[in-house]
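Chemist:
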Amino acid sequence: MRFVLVILLAFLAQGFLSGLLGDALAPPDLIYLGALLLISSVHPLVGLPLAFALGILQDLLSTGYPGLHAVGLLCAAYVFYRLTRVVHWDELAGQLIILGGSFVAKWLGMLLIGLWLRTFELNPLTLWPVILSEFLLTVLLAPFIISLYHGIFGVTRNE
Amino acid sequence: MTDTFIRRTMLIALLVLGMFVATVTRQSSPALPGEFAANVAPLFGWSYRLGQNAHAALSAVFDRRDLRAEQRAMQEELEQLKQENQRLEIENRRLQATLRVQVQQGLGVVAVAPVIDDDASGLYRRLILGMGSRNGLRVSMPVRTADGLVGVITEVTPDRAVVRTLLDPESVVAVRFPNSPGRGQAFGAPPRMLRVEVAPEANVKVGERIFSGALQGLYPAGITVGTVTEVQPTSPGALKRILMVRPAVQFSLLDEVQVLRPL
């Protein structure tokens with residue numbers, strides 16, 4: 004139930020922010036943030052396929068290439084698990100490091116698929132404003148969303 | 002198998018799966034996810050429209066604020082332009098008046114002088130000009146406007162000059178009539194009229210304009226002096242006929258005059 008609710012809210016909030024920001028700024032990636040929140044409380048063997056499935060759903064909803072966001076979120080989830088062994092997810096500094104690392108991993112995964120499919124639209128040199136805006140807004144919102152998530156569901160990391 | 006090995010295996014497996022899915026569905030993309038998104042759109046689309054409406058509402062608020070600021074700026078600019086226009090209109094009137102005088106007087110205009118004051122006495126009708134000998138003004142220089150004759154300079158200081166107007170009781174101007182031969186003399190009759198003495202035979206009617214007309218004297222010939230408002234009856238055997246003339250120039254409204262070369 005919690006998973007369904009978080010995914011639903013993430014997509015709804017993502018749609019709202021996309022409409023609100025318009026063409027001015029790339030919206031924060033709340034699906035990515037939701038994925039990290041969900042996998043933070045489950046074992047990696049569950050979290051990795053979960054992130055992959057969430058990415059597939061995002062691909063389907065965003066009318067993009069199926070597999071693009073899936074691999075992106077998969078890579079992000081993997082790096083998330085790696086970094087949570089180094090820093091603590093419940094601390095602000097740890098959150099920033101984990102978010103930074105997994106965000107880079109997410110885009111690397113997406114660029115890998117773009118390279119694989121030879122879709123030259125996925126060029127970091129032309130997409131850097133999107134990446135930067137998305138990262139900054141995501142990092143800006145992340146502490147509030149994480150504390151909100153913990154406040155509502157009261158879950159802790161369970162690896 | 003260690004946990005790390007399983008993780009890495011799963012990562013690679015899912016990575017390969019993702020690449021496989023991307024490869025397989027590439028030909029159908031964006032048709033396949035597009036179809037899915039079209040079916041699911043009503044579920045998530047309302048939040049996007051909600052965000053769009055919020056964006057539009059905020060834009061309207063900010064645009065209105067911008068419009069207000071722009072309107073204020075434009076109003077200020079409009080006021081400035083109005084003032085500038087007013088100044089230019091005054092300048093234009095002044096230059097046109099000068100030009101008219103220049104056309105009539107040829108190169109006779111020495112200066113365009115501001116009227117800064119009139120004399121304080123109730124008897125005399127004199128004007129103070131804001132220019133003097135430093136600006137080339139001399140005694141005996143005639144003064145006029147585009148409307149008509151004003152008077153003559155009687156005193157000059159380096160920065161000021163005194164003009165004796167036609168209304169001054171000491172002023173005497175030789176005048177002529179457009180439809181009648183002969184000449185007359187216009188004396189100042191304060192506070193606002195001229196008394197003109199002409200020969201009794203002169204056929205002058207009320208409403209006629211009279212002009213300066215001395216062949217030799219202080220004033221150039223042909224400048225409008227005023228309009229006849231009254232022809233007083235003459236007694237039998239009288240040597241003069243008296244006309245009352247309203248000056249062409251409104252002395253109380255003068256702000257600038259043209260000073261001419263002396264004859």
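Top line first, the protein sequences correspond to chains A and B.
To get my numbering, take the position in the first sequence, counting from 1, and add 3.
To get my numbering, take the position in the second sequence, counting from 1, and add 1.
The beta carbon of each residue, even a glycine, is placed where N, CA and C say it ideally should be.
1) Counting Cβ pairs closer than 8 Å, one from the stretch 42-56 of chain B and one from the stretch 12-31 of chain A, do we hit at least three?
2) Decide yes or no for the touch test of the stretch 129-146 of chain B against the stretch 83-92 of chain B: beta carbon pairs closer than 8 Å, at least 3 of them.
3) Considering only the beta carbon of each residue, do Arg-184 of chain B and Ala-175 of chain B sit closer than 8 Å?
4) Quick one: give me the first and last residue of the alpha helix (DSSP H) that Ser-253 of chain B is part of.
5) Report buried or exposed for Thr-3 of chain B, applying the criterion of at least 16 other Cβ atoms within 10 angstroms of its Cβ.
6) Compute the distance between the beta-carbons of Tyr-152 of chain A and Leu-15 of chain A, then report whether it is under 8 Å.
7) Closest to Gly-112 of chain A by C-alpha separation, out of B:Pro-221, B:Leu-15 and B:Asp-256, would be which residue?
8) Based on the DSSP secondary-structure assignment, which residues constitute the bridge partners of Val-156 of chain B?
9) Is Ala-98 of chain B helix, strand or coil by DSSP?
10) Tell me the DSSP bridge mates of Ser-213 of chain B?
11) Checking contacts by CB at 8 Å: is Ile-7 of chain B closer than that to chain A?
12) I need the DSSP call for Val-205 of chain B, collapsed to helix, strand or coil.
13) Measure the alpha-carbon distance for Ala-249 of chain B versus Gln-259 of chain B and round it to whole angstroms.
14) Roughly how many angstroms lie between the CA atoms of Tyr-135 of chain A and Leu-63 of chain A, to the nearest whole one?
15) Nearest to Glu-156 of chain B by alpha carbon, out of B:Leu-150, B:Gly-149, B:Pro-143 and B:Asn-54?
16) Count the C-beta pairs between the stretch 47-61 of chain A and the stretch 71-80 of chain B that are closer than 8 Å, then say yes if the count reaches three, no if not.
17) Any beta carbon of chain A sitting closer than 8 Å to that of Arg-66 of chain B?
18) Quick one: grab the DSSP three-state call for Thr-225 of chain B.
19) Determine, using beta carbons only, whether Phe-106 of chain A comes closer than 8 Å to chain B.
20) In this structure, does DSSP put Arg-121 of chain A in helix, strand or coil?
21) What distance in whole Å lies between the Cβ atoms of Ala-108 of chain A and Tyr-68 of chain A, which are believed to be in contact at a cut-off of 8 Å?
22) Report yes if the CB atom of Leu-76 of chain A is closer than 8 Å to the CB atom of Gly-103 of chain A, and no otherwise.
23) Does Leu-96 of chain B get closer than 8 Å to chain A when you measure Cβ to Cβ?
24) From the DSSP secondary-structure annotation, give me the bridge partner or partners of Leu-128 of chain B.
25) When DSSP labels each residue in this structure, what does Thr-230 of chain B get in the three-state scheme?
26) Residues of chain A with CB under 7 Å from Met-11 of chain B, in chain order?
27) Report the neighbours of Gly-22 of chain A on chain B: residues whose CB is nearer than 8 Å to its CB, in chain order.
28) Indicate the three-state DSSP secondary structure (helix, strand or coil) for Asn-161 of chain A in the structure shown.
29) Count the CB pairs spanning the stretch 81-91 of chain A and the stretch 23-33 of chain A that are closer than 8 Å, and state whether there are at least three.
30) Note down the Cα distance separating Lys-241 of chain B from Gly-227 of chain B, rounded to an integer number of angstroms.
31) Pairing CB atoms from the stretch 145-164 of chain B with CB atoms from the stretch 205-221 of chain B, are three or more of them under 8 Å?
32) Could you tell me the distance, in whole angstroms, from the CA atom of Val-116 of chain B to the CA atom of Arg-66 of chain B?
33) Along the stretch 56-76 of chain A, where does the CB come closer than 8 Å to a CB of chain B? Name the residues.
34) Between the alpha carbons of Val-89 of chain A and Leu-120 of chain A, how many angstroms are there, rounded?
35) What are the boundary residues of the beta strand (DSSP E) that Glu-198 of chain B is part of?
Modeler: If we stick to the structure as given:
1) Contact annotation: the stretch 42-56 of chain B touches the stretch 12-31 of chain A, with at least three C-beta pairs closer than 8 Å.
2) Touching, no, given that fewer than three Cβ pairs across the two stretches are closer than 8 Å.
3) Sequence index remark: in the second sequence, residue 184 of chain B carries index 183 (1-based). Sequence index remark: in the second sequence, residue 175 of chain B carries index 174 (1-based). Yes, they are a contact pair.
4) Within the second sequence, residue 253 of chain B is the residue found at index 252, counting from 1. Membership of Ser-253 of chain B in any alpha helix (DSSP H) is not indicated, and neither H nor E is assigned to it by DSSP.
5) Within the second sequence, residue 3 of chain B is the residue found at index 2, counting from 1. Burial call: exposed.
6) Within the first sequence, residue 152 of chain A is the residue found at index 149, counting from 1. Within the first sequence, residue 15 of chain A is the residue found at index 12, counting from 1. Cβ atoms of Tyr-152 of chain A and Leu-15 of chain A: not closer than 8 Å.
7) Position 109 of the first sequence, counted from the first residue, corresponds to residue 112 of chain A. Minimum Cα distance to Gly-112 of chain A is reached at B:Leu-15.
8) Numbered from its first residue, the second sequence carries residue 156 of chain B at position 155. This sequence places Glu at residue 156 of chain B; Val is not what is there. Looking at the DSSP assignment, Glu-156 of chain B forms a beta bridge with B:Val-163.
9) Taking the first residue of the second sequence as position 1, residue 98 of chain B is located at position 97. DSSP places Ala-98 of chain B in the helix class (H, G or I) of the three-state scheme.
10) On the second sequence, residue 213 of chain B is found 212 positions in, with the first residue counted as 1. BP columns for Ser-213 of chain B point to B:Val-176.
11) The sequence position of residue 7 of chain B within the second sequence is 6, counting from 1. Yes, contact with chain A.
12) Your numbering for residue 205 of chain B matches position 204 in the second sequence. Under the three-state reduction of DSSP, Val-205 of chain B is assigned to coil, being neither helix nor strand.
13) By one-based count along the second sequence, residue 249 of chain B stands at place 248. By one-based count along the second sequence, residue 259 of chain B stands at place 258. Going by the C-alpha atoms only, they are around 15 Å apart.
14) Translated into positions along the first sequence, residue 135 of chain A becomes position 132. Translated into positions along the first sequence, residue 63 of chain A becomes position 60. Looking at the sequence itself, residue 135 of chain A is Leu, so the reference to Tyr does not match. Taking the straight line joining both Cα atoms gives about 24 Å.
15) Position 155 of the second sequence holds residue 156 of chain B. Considering only alpha carbons, the answer is B:Pro-143.
16) The answer is no - the stretch 71-80 of chain B does not touch the stretch 47-61 of chain A, with fewer than three Cβ pairs under 8 Å.
17) Locating residue 66 of chain B in the second sequence gives position 65, where the first residue counts as 1. No, Arg-66 of chain B does not count as interfacial toward chain A.
18) Start at 1 with the first residue of the second sequence, and residue 225 of chain B comes out as number 224. In the structure shown, the three-state DSSP call for Thr-225 of chain B is strand.
19) As a working note, residue 106 of chain A is residue 103 in the first sequence. It does not; no Cβ of chain B falls within 8 Å.
20) Against the first sequence, residue 121 of chain A aligns to sequence position 118. Of the three classes helix, strand and coil, the one that applies to Arg-121 of chain A here is coil, per DSSP.
21) By one-based count along the first sequence, residue 68 of chain A stands at place 65. By one-based count along the first sequence, residue 108 of chain A stands at place 105. About 18 Å separates the beta carbon of Tyr-68 of chain A from that of Ala-108 of chain A, a gap too long to meet the 8 Å contact definition.
22) Working through the first sequence from its first residue, we reach residue 76 of chain A at position 73. Working through the first sequence from its first residue, we reach residue 103 of chain A at position 100. Cβ distance not < 8 Å, so Leu-76 of chain A and Gly-103 of chain A don't count as in contact.
23) Along the second sequence, read from residue 1 onward, the residue named residue 96 of chain B stands at position 95. Not an interface residue.
24) Position 127 of the second sequence, counting from 1, holds the residue named residue 128 of chain B. B:Asp-119 and B:Val-164, per the DSSP bridge assignment.
25) Taking the second sequence and counting its residues from 1, one reaches residue 230 of chain B at position 229. Three-state result, Thr-230 of chain B: strand.
26) As a first step, residue 11 of chain B is located in the second sequence; it is residue number 10 there, counting from the start. Contact annotation for Met-11 of chain B against chain A: Leu-48 and Leu-51 [CB-CB distance below 7 Å, chain order].
27) Working through the first sequence from its first residue, we reach residue 22 of chain A at position 19. Those within 8 Å of Gly-22 of chain A in chain B are Ser-48, Tyr-49, Arg-50, Leu-51, Gly-52, Gln-53, Asn-54, Ala-55 and His-56.
28) The residue you call residue 161 of chain A lines up with position 158 of the first sequence. Note that Asn-161 of chain A scores 49 on pLDDT, short of 50, meaning its location in the model is unreliable and no value can be drawn from it.
29) As far as the Cβ criterion goes, the stretch 81-91 of chain A does not touch the stretch 23-33 of chain A, which means the pair count is below three.
30) The residue labelled residue 241 of chain B in the question sits at position 240 within the second sequence. The residue labelled residue 227 of chain B in the question sits at position 226 within the second sequence. Between Lys-241 of chain B and Gly-227 of chain B, the alpha-carbon positions lie close to 19 Å from each other.
31) Segments in contact, yes.
32) Taking the second sequence and counting its residues from 1, one reaches residue 116 of chain B at position 115. Taking the second sequence and counting its residues from 1, one reaches residue 66 of chain B at position 65. Cα to Cα, the separation comes out at about 49 Å.
33) Only those residues of the stretch 56-76 of chain A whose C-beta falls short of 8 Å from the nearest C-beta of chain B are listed: Gly-58, Ile-59, Asp-62, Leu-63, Leu-64, Ser-65, Thr-66, Gly-67, Tyr-68, Pro-69, Gly-70, Leu-71, Ala-73 and Val-74.
34) In the first sequence, residue 89 of chain A corresponds to position 86, counting from 1. In the first sequence, residue 120 of chain A corresponds to position 117, counting from 1. Distance between the alpha carbons of Val-89 of chain A and Leu-120 of chain A is about 34 Å.
35) On the second sequence, position 197 is the one that residue 198 of chain B refers to. Run containing Glu-198 of chain B: 194-199, per the beta strand (DSSP E) assignment.
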